[in-house]
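Structure record follows, encoded as structure tokens.
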Amino acid sequence: MRDRLNVLMLTHRLPFAPNRGDRIRAYYLLHALAREAHVDLVSLVHDREEAAEVDALRDRVRSITTARVVRARSLLRAAVSLPGTQPLTHALLDAPDLNAAIADAAARHHPDVVVAFCSSMAKCALEAPLDGVPFILDLVDVDSEKWRQLGDTSRGPFGWVYRREARVLRPFEARAARASAATLVVNDRERASLEDIAPGAPIHVVPNGIDAVRFTPPIVPSAEAEIVFCGVMDYAPNVEGVLWFVKRVWPAVRAARSDAKLTIVGARPTAAVRALAIDPSIDVTGTVPDVRPYLWRSALSIAPLLIARGVQNKVLEALAAGLPCVVSEAVYEGLPHAARAGCIEGGSAASFGAAVVRLLGVRPEARRRLAAQVNLSELSWRDAFAPLGDLLRDAARRRDAAAAHEDHALYECRV
């Protein structure tokens, strides 16, 4: 086995800029891979802005190939797939020239190991020409469980679609995990969910980290009663959580603190989210170049998601920015234990609102001290991905062993 392996990484979004949960983890995974191996990246891109970011990654990889998702084509493929058993995730996260891009990269660089980010890329690792190459799957979260929970709480056509996705994605996740050399998930809750559907699969917990230096506040803590929520605002759990907070919690907060302001920071807000800005106490920003100024000027952060899988990066970023967080039970249960010291769990609308009001009532320095109880040194990305080198080498040895077995069998046939 070579000292430095050839790794082909497959991603469903370009892992730059690190401005949303899946892209953040993929960005740091790519950096960790580059410390261990020669990395060739094949990534889907979804628009011109994303495609324009390619150059930012060239110093980390040996080659980059992108395949453009054609939205109209993907939507048509998704609609056609509904009567069958193909996950919509796979139909939507695809591109006309993806297979050719993968075949070309494999032919040119002869990967020792494939690293597939999320289940939509795992299907590529299971198909020719990569089906003979050992692969590591970073599943991150068990998405079928997320869709099941959304299906349980949604009615009408969307509820049916969510329940269908859970039903058809679940067996694929199990097959991919069992076929992998290693499958990564972000916490013990996700591991337990995956073990239920793929017993015996090689599952490893590799948590999310945080770039604490990047988020360290350069200013004194804010004395304003400003609350912040950060997240992609067309993502169903974010939308559901924010709408629940504004409807069920915000009136009580405003009754106690008439100066309270809520800022919802995130790209692509839905019409329902944009409509919240009719209330003068609520600001919906849409896309912003950098979330950090919004964190640094706020008193606290909220994560009121009723459905939350994996680890919410928004909470880790807020803690690193010096903000205590009020979070739902679903979010709290997914957090690393080291992060929980800076959070208050709101298990109901009443307790969530009471926690927000209580934090707004303490001195700014006390709020920052609460966030500072979290030992961020335990949550670095480098430490999170420390096991990756051994996992890559173990995966590569699988191929070497298989090749040796084939050579021996061929020799026996000749003899």
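Quick note: the sequence shown uses numbering that gives the first Met the number 0, first residue 0, plus one each step. We put the beta carbon where it would ideally sit given N, CA and C, even for glycine.
By the criterion of a C-beta distance shorter than 6 Å, Ala395 is surrounded in its chain by Met0, Leu4, Asp111 and Val112, once the five residues flanking it on both sides are discounted. Beta bridge pairing from DSSP links Ile226 with Leu261 and Leu299. Here Ser119 carries a helix assignment [DSSP, helix/strand/coil]. If you draw a 10 Å sphere on the C-beta of Ser73, you find 16 or more other C-beta atoms in it, and that means buried.
As a beta-bridge residue in DSSP terms, Leu43 pairs with Ala66. Close CB contacts of Ala181 within its chain, under the 6 Å cut and outside five residues either way in sequence, are with Ile135, Pro201, His203 and Leu390 (chain order). Between Ser280 and Leu304 the beta-carbon gap is near 21 Å, outside 8 Å, which marks them as no contact. About 6 Å separates the beta carbon of Pro206 from that of Val185, a gap short enough to meet the 8 Å contact definition. C-alpha of Gly360 to C-alpha of Ser297: approximately 14 Å in a straight line.
In this structure Ala77 is buried. Its beta-carbon is surrounded by 16 or more other beta-carbon atoms within 10 angstroms. For Gly345 and Ala276, the gap between their C-alpha atoms comes out near 24 Å.
In the structure shown, Asn374 adopts coil according to DSSP, grouped into three states. By the Cβ neighbour-count rule, His11 is buried, with 16 or more other Cβ atoms within 10 Å of its own. Look at Glu126 here: in three-state DSSP terms it is coil, with no helix or strand label. Membership of Phe171 in the alpha helix (DSSP H) is indicated by the continuous run Gly155 to Ala178. Secondary structure note for Glu344: it is in no alpha helix (DSSP H), and the uninterrupted beta strand (DSSP E) holding it is Cys342 to Glu344. Taking the CA atoms as reference points, Leu40 sits about 39 Å from Gly155. Assigned with DSSP and collapsed to three states, Leu136 falls in strand. In the DSSP secondary-structure assignment, Ile218 is not bridged to any residue. Taken atom to atom, the span from the alpha-carbon of Gly131 to that of Leu87 is near 26 Å. Annotation for Asp54: no alpha helix (DSSP H) segment contains it, and DSSP assigns it neither H nor E. Straight through space, the alpha carbons of Arg177 and Pro133 are spaced by roughly 12 Å. Residue range Ala235 to Trp243 is occupied by the alpha helix (DSSP H) that includes Gly240, with no beta strand (DSSP E) assigned at that position.
Cβ-Cβ distances below 6 Å link Ala266 to Val231 and Thr286 in the same chain, with the five nearest sequence neighbours on each side left out; the list follows chain order. In the three-state scheme derived from DSSP, where H, G and I count as helix and E and B as strand, Asp282 is classed as strand. The Cβ atoms of Leu315 and Leu378 lie closer than 8 Å to each other. Assignment of beta-bridge partners to Asn5 by DSSP yields His37.
The C-alpha of Ile23 is placed about 13 Å away from the C-alpha of Asp289. Going by beta carbons, Thr65 and Leu13 fall inside the 8 Å limit.
In terms of Cβ geometry, Ser118 and Ala175 form a close pair [threshold 8 Å].
In the displayed model, Leu183 falls within a strand according to three-state DSSP.
In the DSSP assignment, Ile101 falls within the alpha helix (DSSP H) that extends over Leu97 to His108.
Within the same chain, Cβ atoms closer than 6 Å to the Cβ of Gln148 are found at Ile306, the five residues on either side in sequence being excluded. The DSSP-derived three-state label of His203 is strand. C-alpha of Trp249 to C-alpha of Leu369: approximately 23 Å in a straight line. For Val330, the enclosing alpha helix (DSSP H) stretches over residues Glu328 to Gly333.
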